[in-house]
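Presented below is the structure to which this report refers.
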Amino acid sequence: MMLLVYFWFVLFLIAKLQAQPSPVDANGCPSGFKPHKEMCYFASKSEANWASALGYCQSVEGTLATVKSLDVQTFLSGLITSGNTNSTLTLSTGNDYVYHYLIDMGIDVMGHKSFTFDVMACNDAHIALSRDKNDAANTYEIVIGGWADSQSVIRDCKQCAHMDTAAHQNHPVDCTQYRPFWISWTDNIIKVGTGHDVGKNRFLLWNDTSPHDVNYVAVATGFGATGKWKFEKSSYMPGQFWLAGSDLALEQQWMWLPDQSMFDYTNWASGEPDNLYNRQHCALMDSTRSYHWVDEDCEESRNFICQIEKNG
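Under our numbering, the residues of the sequence shown are numbered 687 to 998, in order.
Set out below in structure tokens:
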């Protein structure tokens with residue numbers, strides 16, 4: 687029932703949102719859009735949930751991108767690639783439990799809702815999510831591989847009580863190999879998972895009812911361990927882009943909105959769509975998975991792609 691309510695709300699948004707005309711360039715595209723055949727496309731570096739992303743695209747007289755052919759899929763993959771600058775940054779942390787803020791490396795998470803990293807440590811990889819550049823207050827603390835690499839936790843503050851705990855049969859971190867992780871904080875829900883595919887393979891979750899903003903991220907090791915960290919500094923964070931596809935109206939019946947045409951061409955990643963946790967009803971293009979599509983919770987904050995017909 688709730689999915690149908692959300693679906694009809696989206697259709698109402700499409701019908702009622704009044705767009706503001708945008709100046710166009712010589713290609714007939716608004717500023718920031720790139721032409722392809724009869725359409726113009728824009729890949730956003732900012733993040734929004736699916737409905738808000740749709741609303742933004744509607745505000746410039748467009749909609750979220752529909753990908754109905756390999757030709758469009760190939761163009762959008764190239765559009766994202768050409769607009770992205772990416773570099774790998776490394777950091778070493780000592781056995782001292784001293785936090786190092788990523789902003790000092792040029793990694794700014796302000797305005798974002800997730801990040802990914804790789805860490806090599808025998809135990810006790812610590813991550814701080816802070817409102818201010820200060821871990822003494824308004825900081826969520828995440829420990830991965832604490833207690834002899836057997837347990838991970840989310841804390842409401844540094845060394846506070848555990849708000850969620852995961853006991854691991856397999857050691858989550860390793861002394862000699864980098865292990866990949868992601869962390870997100872959309873809608874005051876702190877989530878932690880393995881891999882770089884934000885939202886997948888989650889092992890920690892906590893909904894903070896008295897939340898604070900996350901403007902800074904810091905990392906540390908200690909309690910007998912040193913660490914080596916790798917971070918991707920990218921134009922697009924997290925590099926997953928909402929499309930116009932949804933099965934909100936009927937589970938597994940994927941359609942493009944607003945025209946409500948059913949999927950014909952698809953480019954799903956292996957094992958997708960999987961409707962993980964029974965909450966994933968919106969489609970996105972994932973640059974971390976070779977631009978294949980995955981389904982995701984529509985309330986998560988992601989990048990997005992708008993499309994608009996050429997003017998003239």
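Glycine is no exception: its CB is placed at the ideal position from the N, C-alpha and C atoms.
| query | result |
| --- | --- |
| Could you check how far apart the C-beta atoms of residue 986 and residue 885 are, in whole angstroms? I think they sit under 8 Å. | 6 Å |
| If we call anything under 7 Å between Cβ atoms a contact, is residue 811 one with residue 825? | no |
| Using DSSP with H/G/I as helix, E/B as strand and the rest coil, what is residue 974? | helix |
| Across which residues does DSSP place residue 981 in a beta bridge pair? | 969 |
| If you pair each beta-carbon of the stretch 802-809 with each one of the stretch 855-873, do three or more pairs fall below 8 Å? | yes |
| To which residues does DSSP link residue 725 through a beta bridge? | 722 and 995 |
| Should residue 870 go down as buried or exposed, given a rule of 16 or more other Cβ atoms within 10 Å for buried? | buried |
| Might you give, ordered along the chain, the residues of its own chain that have their beta carbon closer than 6 Å to the beta carbon of residue 721, omitting 5 neighbours on each side? | 713 and 715 |
| In angstroms with no decimal places, state the Cα-to-Cα distance between residue 839 and residue 754. | 43 Å |
| Give the DSSP-derived three-state secondary structure of residue 912 in the structure shown. | coil |
| Do residue 928 and residue 988 come within 7 Å of each other at the CB atom, strictly closer than that value? | yes |
| What is the C-beta distance between residue 786 and residue 779, in whole angstroms, given that I count them as a contact (C-beta under 8 Å)? | 6 Å |
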